[in-house]
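Residue numbers (our numbering): 52 to 256. Using N, Cα and C, we set each Cβ at its ideal position, and we do this for glycine too. Source: prediction; values computed, not measured. These notes concern the structure reproduced below.
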């Protein structure tokens with residue numbers, strides 16, 4: 052484990068527990084079991100949850116070393132009255148993620164070529180398509196005015212989803228076009244190699 056300055060704190064995390072005081076008689080506790088690949092975050096009955104600054108100050112810069120994880124065998128559990136949150140506030144279920152990388156809001160960049168030049172990279176950004184992200188989680192049809200607003204909100208949500216699908220479709224078409232070009236190049240190289248071999252055999256004869 053390293054602190055924010057990069058200094059080694061210890062070489063084995065199994066059984067270690069980290070605790071952050073959240074109030075006069077409450078605390079937030081995180082324990083690590085590197086045998087089961089489990090990180091447990093436990094919260095006591097908290098009178099006030101306004102402890103983000105304390106938690107950030109205590110945990111900023113910490114990182115775990117020496118545990119090889121592929122993201123599929125790691126489980127975060129929360130006990131008590133608190134929730135595990137991501138950087139934007141909504142609840143976070145780590146088991147739904149393919150890995151534990153935190154992705155910035157500007158999306159992911161994939162390298163699809165042999166070298167990491169900008170021409171051989173593609174960028175993918177998927178917006179929040181949940182009901183809250185589409186701003187339709189609180190629509191109501193209780194009154195005529197509410198129903199009119201609901202129709203407008205749903206129409207905007209449909210446009211957002213259609214736009215996202217169009218972006219994904221364009222990226223898929225680009226990748227398929229690249230695959231087709233690579234397949235054609237491979238066939239041409241195979242044909243060229245065959246002709247060179249024929250010439251070599253003819254010269255050898």
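Worksheet item: If you pair each beta-carbon of the stretch 200-217 with each one of the stretch 173-191, do three or more pairs fall below 8 Å?
Response: yes
Worksheet item: Of the choices 176, 197 and 166, whose alpha-carbon is the least far from that of residue 217?
Response: 176
Fill in: Contact set for residue 197: own chain, Cβ-Cβ below 6 Å, skip 5 residues either direction
191
Worksheet item: Nearest to residue 160 by CA position, among 222, 213, 182 and 247, is which residue?
Response: 222
Worksheet item: Relative to the C-alpha of residue 212, which residue among 251, 173, 170 and 182 is closest?
Response: 182
Practice prompt. Would you mind working out which of 250, 171, 165 and 180 sits nearest residue 214, comparing C-alpha positions?
Written response: 180
Discussion item. Pull the bridge partners of residue 160 from the DSSP assignment, please.
Written reply: 174
Item to complete: Determine, using beta carbons only, whether residue 164 and residue 174 come nearer to each other than 7 Å.
Response: no
Worksheet entry | Host alpha helix (DSSP H) of residue 200 (start-end) | 195-255
Worksheet entry | Nearest-angstrom Cα separation, counted from residue 209 out to residue 195 | 21 Å
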